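Taking it in order: structure first as structure tokens, then the write-up.
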Amino acid sequence: MSQPLENRPQQRVRLGVNVDHVATLRQARGTRYPDPVLAASLCELAGADQITVHLREDRRHIQDRDVQILRQTVQVPLNLEMAATPAMLALALQYRPDTVTLVPEKRQERTTEGGLAVAGHEAELRPIIQALKDAGITVSLFIDPSDEQVRASAELRASTIELHTGDYCAALGHLAAEQELSKLRAAAELGHDLGLAVAAGHGLDYRNVGAVARLPWMEELNIGHALVSRAVLVGMERAVREMIAAIHLPAPLGE
Ligand code: PXP
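Right under this line is the structure:
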């Protein structure tokens, strides 16, 4: 069972910076700049705890070359987001990221919509998870904050669940946001009780990140679009530092 809040060890929430959208800008013109590899180094210098990239099947932003070079240059853990397919598994075993986050993928979508359907797809996911674990790669599952998906993730012996924060970020008004936060809180509690590490991401920005960072058992946040968007205007290092500050801002009175 979960400990009462006051007895819980305080942990520093780690920031994983998703540099996909640096590559989006590059791919828009087919140039060699801006380089997500250079961006990742700047993120590290500014205090990022992890570099995250999503190698999509359509290669719309991150390319194989990026993952290959990042593997050689990144000093902090490298987290590869990918679809749970045999082709992507083969690449993960070749590139050896520290973590693989399995995500759902549809070609037509603008960005990852919804979490991975783990419950009901155990038979397909089990061998992929096992192969990654056998290679010493930590496995994280990007899921919606529901009991069913958390339990299925624990049953498959994933190390981590990354809770999809898209609905919370898109919620209009305080009440709707609170309802979404409650789902995230319950999923984090259950995940922890079942032995899973808890992370979160998708749609987080400088304003909405604090409440998610303060959820129980939260260890890591993966943030891309809002951070890279700010970096275009203020520079990557400042954008990362400001995000770290936003993550660790004290709770407002009454929270
Ligand atoms: N975590 C996962 C699993 C994702 O798929 C994404 C989007 O690629 C993110 C985090 C980052 O989302 P955003 O770009 O909205 O910050």
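In this note's numbering, the protein residues as written are -5 to 249.
All C-beta atoms in this analysis are idealised placements derived from N, C-alpha and C, irrespective of residue type, glycine included.
Since this is a predicted model, take the numbers as computed values, not measurements.
In the DSSP assignment, find the unbroken alpha helix (DSSP H) run with residue i in it and report its ends.
i, result
"residue 186", "168 to 187"
"residue 117", "116 to 128"
"residue 196", "From DSSP, residue 196 is part of no alpha helix (DSSP H); its letter is neither H nor E."
"residue 229", "Taken as a continuous stretch (DSSP letters only), residue 229 belongs to no alpha helix (DSSP H), as it is neither H nor E."
"residue 245", "Note, residue 245: premise wrong, no alpha helix (DSSP H); not H, not E."
"residue 207", "203 to 207"
Kindly indicate the opening and closing residues of the beta strand (DSSP E) around residue i.
i, result
"residue 153", "It is not in any beta strand (DSSP E) - residue 153 carries neither H nor E in the DSSP assignment."
"residue 97", "Per DSSP, residue 97 belongs to no beta strand (DSSP E) and is neither H nor E."
"residue 215", "212 to 217"
Going by DSSP in three states, residue i sits in which element: helix, strand or coil?
i, result
"residue 131", "coil"
"residue 234", "helix"
"residue 11", "strand"
"residue 112", "coil"
"residue 142", "helix"
"residue 158", "strand"
"residue 241", "helix"
"residue 0", "Because residue 0 carries a pLDDT of 47, less than 50, the predicted location of this residue cannot be relied on, and the following value inherits that uncertainty. Note: residue 0 maps to helix in three-state DSSP."
"residue -5", "With a pLDDT of only 47 at residue -5, under 50, the local geometry of the prediction cannot be trusted, and the value read off the model is given with reservation. Three-state DSSP puts residue -5 in coil, outside helix and strand."
Curious, which full-length alpha helix (DSSP H) runs of at least 4 residues does the region 39 to 87 contain?
The region 39 to 87 contains, as complete alpha helix (DSSP H) runs of 4+ residues, the segments 58 to 67 (chain order).
Can you find at least 3 beta carbon pairs, one from the region 14 to 28 and one from the region 235 to 245, that sit closer than 8 Å?
The region 14 to 28 makes no contact with the region 235 to 245; the number of CB pairs closer than 8 Å stays below 3.
Check whether the region 131 to 138 and the region 163 to 173 are in contact - that is, three or more C-beta pairs closer than 8 Å.
With a cut-off of 8 Å, the region 163 to 173 and the region 131 to 138 do not count as touching, because too few Cβ pairs lie within range.
Give a yes or no on contact between the region 114 to 132 and the region 158 to 166, applying the rule of three or more CB pairs nearer than 8 Å.
The count of Cβ pairs closer than 8 Å, one atom from the region 114 to 132 and one from the region 158 to 166, stays below three, leaving the stretches out of contact.
Can at least three beta-carbon pairs, one atom from the region 28 to 36 and one from the region 56 to 75, be found at a separation below 8 Å?
Contact between the region 28 to 36 and the region 56 to 75 is present, because at least three Cβ pairs lie under 8 Å.
Under 8 Å: do the region 220 to 235 and the region 80 to 90 share three or more Cβ pairs, one atom per stretch?
No, they do not touch.
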